[in-house]
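Colleague:
2 protein chains.
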Amino acid sequence: MAKTPTLEDVATRAGVSTATVSRCLNQPDVVVEETRARVMEAVEALGYAPNFSARALVAKRTQTIGAVIPTMENAIFAEGIQAFQDVLQAERYMLLVASSGYDPAAEAEAVRTLIARGADGILLIGLDRDPAVYDLLATQSVPAVVAWAFASGGPVPSVGFDNAASMRALVAQGVRLGHKRVAMISGRTEGNDRARARVEGATAALRAAGLPDLVVEEADYATGAAADALDRLLDRVPDVTLVVCGNDVLAAGAMQRAHALGLSVPGQLSVTGFDDLGLARLVQPALTTVRVPHKTMGEAAARALLAAVDGQATESLLLPTELCLRDSLAAPKS
Amino acid sequence: MAKTPTLEDVATRAGVSTATVSRCLNQPDVVVEETRARVMEAVEALGYAPNFSARALVAKRTQTIGAVIPTMENAIFAEGIQAFQDVLQAERYMLLVASSGYDPAAEAEAVRTLIARGADGILLIGLDRDPAVYDLLATQSVPAVVAWAFASGGPVPSVGFDNAASMRALVAQGVRLGHKRVAMISGRTEGNDRARARVEGATAALRAAGLPDLVVEEADYATGAAADALDRLLDRVPDVTLVVCGNDVLAAGAMQRAHALGLSVPGQLSVTGFDDLGLARLVQPALTTVRVPHKTMGEAAARALLAAVDGQATESLLLPTELCLRDSLAAPKS
DNA sequence: GTGAAAGCGCTAACAG
DNA sequence: CTGTTAGCGCTTTCAC
C-alpha cells in the first residue's frame, strides 16, 4: 500500500526545500519559472495531493462550509441546498452537512461541532434559535448566513424571502375571490419562524378584510397528518371554503383527504400550498401556491457566505416570491 | 476576539499536562476520577472543543464520511441519505457531500477530492462508473460502499436492492391482471445501472409471458418530460394498456398527462411507479409502485461503511422490496 | 528566489 | 496513573 506522498517527498525528488514546493502550490508567481517546472513535474510524478488536515491546521482555513438543515428529507430544502452546494463546489469548497431534526438543541450542538471542525462559514435555516448560537458564532468569528427567511439587521445576514407577506398576498387573493371563512393547516410553529410568519401573514390578510379570525391546526410532515388536520378543521369550521396550507406537502395531503371525503376541490373547498415544489403541478387539481426562488436563494446564500468568509461585508438580501395561481383555488360557491 | 482555547489552556487551568487532558477526552477510564473531574471542569469553563484538523493530522482519521450523490434535488435520494446521515451523526461522524449531476467524470473528480480531504470512507450511488475510481479507492485504501443497487462480489460492497427483479415482479403483476400491451417510461439509462436494470426487469417479465416486446421512452426529471414521453408512447403503441414508469415522479407526470388527454387511470390506462415516495400516495389515483426500503438502506449503508472504516470485513446486503398495490393499476378493459 | 527553522494543536509512545 | 517528548504535514517568517 503506497503511502501518500508528502511535501517532503516532492521536495526531495525536485531537489528543493519543502518551503519552495509549498510556494509553488500556493503562490506560484513567487517562484522562478525553472524551479517551478521541476517541482510541478515531481508533483505529477508522485501524484501528490496536499494533506488538508495539515494545511488547515496551520492555515486556519478548511475550504469547508457547514450547513445545519432541519432535515434533508423535506423536498423544501432540497433544491435550495443543491444550488448552494453547486456554487460551493465551483469555488472549490466542500459542504459539511448536519441535520437538526427541527430541534434547537440539536442545531446548537451541530453548530458547535461544525465550528470545532473548522468550518470556514456556516449556513443556517431560518431565524429562530438560541441567541447563544449567534454569540458562539461571533466569539469564534465564524461567518454565517441565514436562508429561507429574511430579517434586516439581524445578528447575521439573511438571504431569503418574506414568508408573512407572501402568505398574506395569497390569502388576500382568496379573499378577493370571495372567501369569507378561511382556515389554515400549518406546519409546527414552535421554533419555526417560517411557519409562524406564514400564519401571521394569513391572519393579517383576514384582519385587513374584516373577516373572522383564522382558525389554525398544526400538522407535522408525517403522511396523513395534514389529512387529519383537515378533519379537525372541518369540524371546527363547518362552513370553511378555503384552507390555506403552510406548504405544498401539507396542501397535497389535505386535498387528498378532501377527495376522500367527497369534497371537490376547488368546487366545494379551495386549498392552497406554499413553495411551489414539483409536487404542486403533479396533484389534481394543480395547486395554487407561492413560488419561492429556491435556486436563486441557495446560490445567493452561497455567494454571500463565501464573501463573508473572504472578509467582505455582506448584506441581507430579500428575494421576491410570486403568486402561482393554478386550479386548487377558485371563487367559493355562494 | 477570544482565541479558541487549546489543549494546553485546559491543561494549565487544570494543573495537569496536555497528555492527561487528551486522555480524559479520548480514554476517560485510564484517568483517575479526581483528576478527570478537574480536567472536565476546566474544559467546561473554557468551552474547550478539540481542533479536528490537529487531531486528524496525527490520528490519520477525520471522522468524516464522504458521499457522492447524483443530485440532492431528487426526492429519491433524500430519505436514504438522511437515514445515512443520522447514523453517521450518532456515531460522531460528519457527512461531506458532493454531487455529480449524473456525470461520471464529475463523480471521479469528487471521489478524488474526498480522498484528498481525508474522508475515512465514501458512499457511492449505483454500480456504473469508471473502474479507475475503484482503483483509486483501492490504492489509497479508502473504504467505500455502493448503495441503491446490489451486486455481490463487486469491487466494493453494496447495500441495495434488486432493481431488475423488483420491476419484473411489478410487471408480472400487470400481466397477471391481463395486460398484454405494456410500455415503459424510463429515466435516462446512460451511466445509470438502476434505470437500466428496471428496463431489463420489465422486459424479462414480458418475455416470460410471451408478450410483445417492451416499448421504452426515456425522460429526464424535468417537469413535463414524462408527460411528453407518454405522448410519444401513445403514438407508438396506440393499444397500450399499461405504462410502467422508472420511478414515481415519472409516473405522476405521466398520469397527469393521461388525465389531460382525457384518459382515465386506471380505467383506460394503468400507470405504475417505482420507489414509493410520499408522492405516490398524494396523487390521484394513488400509485401502484415498488416500495424501496430507503431508510433501512441508508442506515445499513452507513453501518457497513463504518464497519469497513473500522477495518471489519463488510459484506454486501440485499434488501427486499415489496409490491405496493394501490389504485393506478387495474385489469385492462377488454 | 530559496532554504532553515519554528511551530499550528493534538496524540502516542515511553518513562517515571 | 501522569508527565515528557516527539513528531503528524504543512505554511511562514527570517535569513542568506
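These protein sequences, in sequence, are chains A and B. Per the numbering used here, the first sequence starts with residue 27, numbered consecutively. Per the numbering used here, the second sequence starts with residue 27, numbered consecutively. C-beta atoms are modelled at their ideal positions from N, C-alpha and C, and glycine is treated no differently.
Name, in chain order, the residues that DSSP records as bridge partners for residue 5 of chain B.
Modeller: What is shown of chain B runs 27 to 360, which leaves residue 5 of chain B out entirely.
Colleague: Roughly how many whole angstroms lie between the Cα atoms of residue 188 of chain B and residue 317 of chain A?
Modeller: Computed Cα separation, rounded: 38 Å.
Colleague: Determine the DSSP secondary structure at residue 66 of chain B, reduced to helix, strand or coil.
Modeller: Note: residue 66 of chain B maps to helix in three-state DSSP.
Colleague: From what residue to what residue does the alpha helix (DSSP H) around residue 176 of chain A run?
Modeller: First-last for residue 176 of chain A: undefined, no H or E at that position.
Colleague: Would you please state the rounded distance, in angstroms, between the beta carbons of residue 201 of chain B and residue 237 of chain B? I believe it to be under 8 Å.
Modeller: Yes, residue 201 of chain B and residue 237 of chain B are in contact; Cβ-Cβ is about 7 Å, under 8 Å.
Colleague: Extract the residue ranges of the alpha helix (DSSP H) inside the stretch 141 to 194 of chain A, only unbroken runs of 4 or more that lie entirely within it.
Modeller: Counting whole runs of 4 or more residues, the stretch 141 to 194 of chain A contains the alpha helix (DSSP H) stretches 157 to 165.
Colleague: In three-state terms, what does DSSP make of residue 344 of chain B?
Modeller: Note: residue 344 of chain B maps to strand in three-state DSSP.
Colleague: Sorted by chain position, which residues of the same chain lie with C-beta nearer than 6 Å to residue 27 of chain B's C-beta, five sequence neighbours on each side aside?
Modeller: Residue placement at residue 27 of chain B is flagged as unreliable, the pLDDT there being 43, under the threshold of 50; a coordinate-derived value is accordingly withheld.
Colleague: For residue 290 of chain B, does the count of other Cβ atoms within 10 angstroms reach 16, so buried, or fall short, so exposed?
Modeller: Residue 290 of chain B should be labelled exposed.
Colleague: Is residue 244 of chain B near residue 214 of chain B, with beta carbons less than 9 Å apart?
Modeller: Yes. Within cutoff.
Colleague: Excluding the five sequence neighbours on either side, which residues of its own chain have a C-beta within less than 7 Å of the C-beta of residue 191 of chain A, listed in chain order?
Modeller: If we look at residue 191 of chain A and ignore the five residues flanking it on each side, its Cβ neighbours are 227.
Colleague: Which of the three DSSP states, helix, strand or coil, is assigned to residue 44 of chain A?
Modeller: Looking at residue 44 of chain A - three-state DSSP - the assignment turns out to be helix.
Colleague: Flag this pair as touching only if the stretch 115 to 125 of chain B and the stretch 77 to 92 of chain B have three or more C-beta atom pairs under 8 Å; answer yes or no.
Modeller: Touching, yes, given that three or more Cβ pairs across the two stretches are closer than 8 Å.
Colleague: State yes or no: is the C-beta of residue 255 of chain A within less than 9 Å of the C-beta of residue 109 of chain A?
Modeller: In this structure, residue 109 of chain A does not lie closer than 9 Å to residue 255 of chain A by Cβ.
Colleague: Note down, in chain order, every chain A residue with its Cβ under 9 Å from the Cβ of residue 102 of chain B.
Modeller: Those do not exist, as residue 102 of chain B stays about 11 Å from chain A at its closest Cβ, beyond 9 Å.
Colleague: If you draw a straight line from the C-alpha of residue 360 of chain A to the C-alpha of residue 300 of chain A, how long is it?
Modeller: When rounded, the distance between both Cα atoms is 26 Å.
Colleague: Quick one: does residue 61 of chain B have its CB under 9 Å from some CB of chain A?
Modeller: Not an interface residue.
Colleague: Give me the chain B residues within the contact set of residue 97 of chain A, using Cβ-Cβ distance strictly less than 9 Å, ordered along the chain.
Modeller: Those are 104, 108, listed as they occur along chain B.
Colleague: Should residue 107 of chain A and residue 272 of chain A be called a contact, given that it needs their Cβ atoms to be closer than 9 Å?
Modeller: Against a cut-off of 9 Å, the Cβ pair of residue 272 of chain A and residue 107 of chain A comes out as no contact.
Colleague: In the DSSP assignment, what residue or residues form a beta bridge with residue 122 of chain A?
Modeller: Answer is A/92, B/122.
Colleague: Tell me whether residue 216 of chain B sits in a helix, a strand or coil according to DSSP, three-state version.
Modeller: Coil at residue 216 of chain B, not helix or strand.
Colleague: Count the other C-beta atoms from every protein chain shown that fall within 10 angstroms of the C-beta of residue 370 of chain A, then say buried if there are 16 or more, exposed otherwise.
Modeller: No information on residue 370 of chain A is available, as it lies outside the stretch 27 to 360 that chain A covers here.
Colleague: Please return the same chain residues whose Cβ sits closer than 8 Å to the Cβ of residue 71 of chain A, not counting the five positions on each side in sequence.
Modeller: Answer for residue 71 of chain A: 39, listed in chain order.
Colleague: Taking contact to mean at least 3 C-beta pairs separated by less than 8 Å, is the stretch 151 to 171 of chain A in contact with the stretch 154 to 170 of chain B?
Modeller: The stretch 151 to 171 of chain A vs the stretch 154 to 170 of chain B: no contact.
Colleague: So, with DSSP's three-state summary, where would you put residue 352 of chain A?
Modeller: Here residue 352 of chain A sits in coil by DSSP.
Colleague: Indicate whether residue 101 of chain A and residue 104 of chain B have their beta-carbon atoms separated by less than 9 Å.
Modeller: Yes, they are a contact pair.
Colleague: Go through its chain and collect everything with a Cβ distance to residue 265 of chain B's Cβ below 6 Å, but skip five positions before and after it.
Modeller: So the qualifying residues of the chain are 207.
Colleague: Alpha carbon to alpha carbon, how far is residue 349 of chain B from residue 32 of chain A? Give it in angstroms, no decimals.
Modeller: In a straight line, the C-alpha of residue 32 of chain A is about 53 Å away from that of residue 349 of chain B.
Colleague: Leaving out five residues before and five after residue 222 of chain A in sequence, what residues of the same chain have Cβ atoms less than 6 Å from its Cβ?
Modeller: So the qualifying residues of the chain are 215.
Colleague: For residue 60 of chain B, does the three-state DSSP call read helix, strand or coil?
Modeller: Helix, per DSSP.
Colleague: Short of 8 Å in beta carbon distance, which residues of its chain neighbour residue 41 of chain B, apart from the five on each side in sequence? Order them along the chain.
Modeller: Here the set comprises 64.
Colleague: Can you have a look at residue 140 of chain A and say buried or exposed, based on whether 16 or more other CB atoms are within 10 angstroms of its CB?
Modeller: Result: buried.
Colleague: Checking contacts by CB at 9 Å: is residue 53 of chain A closer than that to chain B?
Modeller: So, not an interface residue.
Colleague: Could you check whether residue 308 of chain B and residue 305 of chain A sit closer than 9 Å to each other, using their CB atoms as the reference points?
Modeller: Going by C-beta atoms, residue 305 of chain A is nearer than 9 Å to residue 308 of chain B.
Colleague: Using a beta-carbon distance cut-off of less than 7 Å, what residues from the stretch 282 to 293 of chain A approach chain B?
Modeller: So the close ones are 282, 285.
Colleague: DSSP three-state call for residue 116 of chain A: helix, strand or coil?
Modeller: Of the three classes helix, strand and coil, the one that applies to residue 116 of chain A here is helix, per DSSP.
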